[in-house]
Amino acid sequence: MGHEESLDITSTKTPSIGPFSSRKRRLIKYYLLLLPALLLFFFFFIIPLAVVALVSLLTGNPVNDPDVALTLKNYAKLFSDIYYLDVLLVTLRIGLYTTLVCLVIGYPLAYQMARMKSKNLRTLMLMAVLSPMLIGIVIRTYAWMTLLSDQGVINSTLKNLGLIKEPLKLMYNEFGICLALVHIFAPFMVLTLTGVIGKIDLRLEEAARNLGASKLRTFIEVTLPLSAPGIMGGSLLVFALAISSYVTPILMGGFTIITLPILIYQQISGVFNFGFAGTLGLILMIVSLAIVFLYHRVMSRVVGGVGV
Amino acid sequence: MKRIGWDHILFRAINLLLIGFLLLPIGIVLLFAFNSAAFIVFPPEGFSLRWFKAFFIHPEFMRAFWLSLRLAATTVIISTVTGTMAAMAIVRGRIPGAKFISALFLSPLMLPAIITGLALFQFYVILDVGRTYTGLLIGHIIVTIPYVIRTTTALLYNFDGSVEEAARNLGAGELATFWYITLPLIRPGVIAGSVFAFIVSFDQFPVSLFLVQPGINTLPIQLFNYLKYSFDPTVAAAATVSIALSVTVVLLLERTIGLQEYVKL
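Each protein sequence line maps, in turn, to chains A and B. Counting in the working numbering, the first sequence runs from 1 upward without gaps. Counting in the working numbering, the second sequence runs from 1 upward without gaps.
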């Protein structure tokens, strides 16, 4: 209301303009502010995504093929070939393992961080958890390669100590991929969980303790259920990130394990099949957006909401 | 809380181990960057700066490093200006559909970046423009604008605009009001957003993967290609330089607005 009043005051300075046109002028000004970002997003985000969807439904490349027709063959190809189904399965499995391990290691960290009394210690811990996020994904994967490869730190140390003869298979498999992914995405889990655990009313736990429940029972029956939105939210977030990562699976898998994002890039760089790349991209997009939608549903139930 | 039991100690010990796990790769990278051995050996052999030298005299790494810096700097400027303008319109404009527009601007955060890269690449090919520096720049702007808009709108919602009205009522022009009143109030959000934008652009991989011109790589792509064939500590030195850059940026942030503020957003 105060705003309307002030508009009247400003409009008295320019008497020729009435209240209606001044509002209109105000709107135009804000539309102009919005315009550059909106144009960018329209031409370089919405239209390209629509093109991906369209091309996935065409028989060929519309640029050089004048008789393109609509088809579902790309979708039929994806769901009828065991090779592609296997790629989907591997991708989902890696996502699932990564999520579960992130949850197991993220929960204790988040719990301690949420309950810390000392603000300085809390900041320090936050920095320790967040600092890996400041390093690019290629570099973090490289660090895991130096640790886990056949000539890496762990294998060469064990060999020098005479404990093993053949190197342990720590990478070039799904184990290595999941381990590196856990490291990369654990901070997201910790942040989401810390937000939710920090909002739990401590009096509820005290009440349970006063009524004679043990620490463990209080945790299982009070704290854990109350942190369920954080568990759900963090898991959805990590899962969505894990199934769409490219660098870590390709380097840790030693170019032998194919996940959905790797397959998408292969379709472009290797065989230049736009239609099929679009189909795969669309599938990944739909799965990711469904997960994000669920994430927001879950997190909006937490009072005040939690941003990541 | 008064008495510290064994369970408490065990819990802390586990968390210390977990933090060790999170910090381990950074330690490893630093260790090998300054190690003289050509191979990854443990324990390390001796102190040396030879890998830094190898990095700084490597023409392809240097070209990639400068390209990434230039790209990130340009991205930050464009994303921060257009993002802040859009945030002003979304929060202050009372524009119909503001919620939808805001969701649109944040959606690159939700969408796997590899799809943004794929979509832009297909679009450029269909338009027959191919891969250009401008095309790559646009990709980076699209994925960094959400950070600026998110941090800036958060601060704009924090105050209701009555200060701005007061300035206007006292005769300040619109630009003066923005420059002397609004901008100082939302500055932490704008700075945090642009720092995020810098880091995201500098480390950007999936979008760049599709959009870099053949032979003209950004630093992450160059590192990735190098790692396909070679494993020597030049990468560790490059990593250390990147880490130093990120840490400098964050320390600047800590100095200007404080880390707590930046994490809350």
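Where a beta carbon is used, it is the ideal one built from N, C-alpha and C, also for glycine. Predicted model, so just to flag it, every value in this text is computed and none were measured.
Where does residue i sit, in a helix, a strand or coil, going by DSSP?
i, result
"Phe123(B)", "helix"
"Leu58(A)", "strand"
"Leu18(B)", "helix"
"Gln204(B)", "coil"
"Leu70(A)", "strand"
"Ile258(A)", "coil"
"Ile9(A)", "Only weak support exists for where Ile9(A) lies, its pLDDT of 41 falling under 50; the coordinates are left without a value."
"Phe239(A)", "helix"
"Ile145(B)", "helix"
"Ser100(B)", "According to the sequence as given, residue 100(B) is Phe; it is not Ser. In the structure shown, Phe100(B) sits in a helix (DSSP, three-state: H, G or I)."
"Arg217(A)", "helix"
"Ile184(A)", "helix"
"Phe11(B)", "helix"
"Gly95(A)", "helix"
"Leu245(B)", "helix"
"Asn273(A)", "coil"
"Phe175(A)", "helix"
"Val250(B)", "helix"
"Glu166(A)", "coil"
"His58(B)", "coil"
"Arg301(A)", "coil"
"Ile186(B)", "helix"
"Asp201(A)", "coil"
"Asn64(A)", "coil"
"Phe43(A)", "helix"
"Met116(A)", "coil"
"Pro309(A)", "This structure gives no information on residue 309(A), because the portion of chain A shown stretches from 1 to 308."
"Gly136(A)", "coil"
"Ser157(B)", "It should be noted that the sequence gives Tyr, not Ser, for residue 157(B). Helix at Tyr157(B)."
"Gly5(B)", "coil"
Do residue i and residue j have their C-beta atoms closer together than 9 Å?
i, j, result
"Leu282(A)", "Val51(A)", "no"
"Thr192(A)", "Leu237(A)", "yes"
"Thr177(B)", "Arg168(B)", "yes"
"Phe255(A)", "Thr98(A)", "no"
"Ile243(A)", "Gly106(A)", "no"
"Ala277(A)", "Leu211(B)", "no"
"Gly253(A)", "Pro220(B)", "no"
"Val129(A)", "Met113(A)", "yes"
"Leu245(B)", "Phe205(B)", "no"
"Lys215(A)", "Asp7(B)", "yes"
"Gly60(A)", "Gly270(A)", "no"
"Phe188(A)", "Leu224(A)", "no"
"Ile268(A)", "Leu284(A)", "no"
"Gly189(B)", "Thr151(B)", "yes"
"Pro132(A)", "Gln151(A)", "no"
"Asn217(B)", "Arg50(B)", "no"
Per DSSP, which residues does residue i bridge with? Please list them.
i, result
"Phe47(B)", "Asn35(B)"
"Gln213(B)", "Ile216(B)"
Based on Cα-Cα distance, which residue from the options lies nearest to residue i?
i, options, result
"Leu179(A)", "Pro25(B), Tyr147(B), Ile9(B) and Ile14(B)", "Pro25(B)"
"Tyr30(A)", "Phe56(B), Asn15(B), Ala89(B) and Phe55(B)", "Ala89(B)"
"Gly83(B)", "Arg209(A), Asn155(A), Leu39(A) and Ser269(A)", "Leu39(A)"
"Val249(B)", "Phe196(B), Pro220(B) and Ser107(B)", "Phe196(B)"
"Thr259(A)", "Leu89(A), Leu34(A), Leu158(A) and Thr223(A)", "Leu89(A)"
"Ser297(A)", "Lys169(A), Glu221(A), Tyr75(A) and Pro229(A)", "The question names Ser, yet the displayed sequence has Arg at residue 297(A). It is Pro229(A) whose Cα lies nearest to the Cα of Arg297(A)."
"Phe175(A)", "Ala69(A), Met145(A) and Phe42(A)", "Met145(A)"
"Arg94(B)", "Val29(B), Pro184(B), Ile138(B) and Gly161(B)", "Gly161(B)"
"Arg23(A)", "Trp51(B), Ala54(B), Glu45(B) and Arg92(B)", "Arg92(B)"
"Val241(B)", "Leu211(B), Ile149(B), Leu69(B) and Asp128(B)", "Leu69(B)"
"Leu124(A)", "Phe231(B), Ala192(B), Leu227(B) and Leu23(B)", "Leu23(B)"
"Leu155(B)", "Ile191(B), Leu137(B) and Val129(B)", "Ile191(B)"
"Ile77(B)", "Pro59(B), Ile138(B) and Phe121(B)", "Ile138(B)"
"Leu103(A)", "Val182(A), Asn155(A) and Leu121(A)", "Val182(A)"
"Ser79(B)", "Phe55(B), Ile101(B) and Val148(B)", "Val148(B)"
"Glu45(B)", "Trp66(B), Leu31(B), Thr151(B) and Gly27(B)", "Leu31(B)"
"Val292(A)", "Leu223(B), Phe52(B), Thr152(B) and Ala103(B)", "Ala103(B)"
"Ala69(A)", "Ser80(A), Ser56(A) and Ile154(A)", "Ser56(A)"
"Phe219(A)", "Ser80(A), Leu202(A), Thr279(A) and Gly234(A)", "Leu202(A)"
"Ser235(A)", "Tyr75(A), Asn64(A), Val101(A) and Lys159(A)", "Val101(A)"
"Ala33(B)", "Asn15(B), Gly20(B) and Ser48(B)", "Ser48(B)"
Verify the contact flag: residue i, CB atom, against every heavy atom of the ligand HEM, threshold strictly below 8 Å.
i, result
"Glu206(A)", "By its list of ligands, the structure shown contains no ligand whatsoever, and the ligand HEM lies outside what it can speak to."
Check: Taking three-plus beta-carbon pairs below 8 Å as touching, is the segment 103 to 113 of chain B in contact with the segment 36 to 52 of chain A?
Finding: yes
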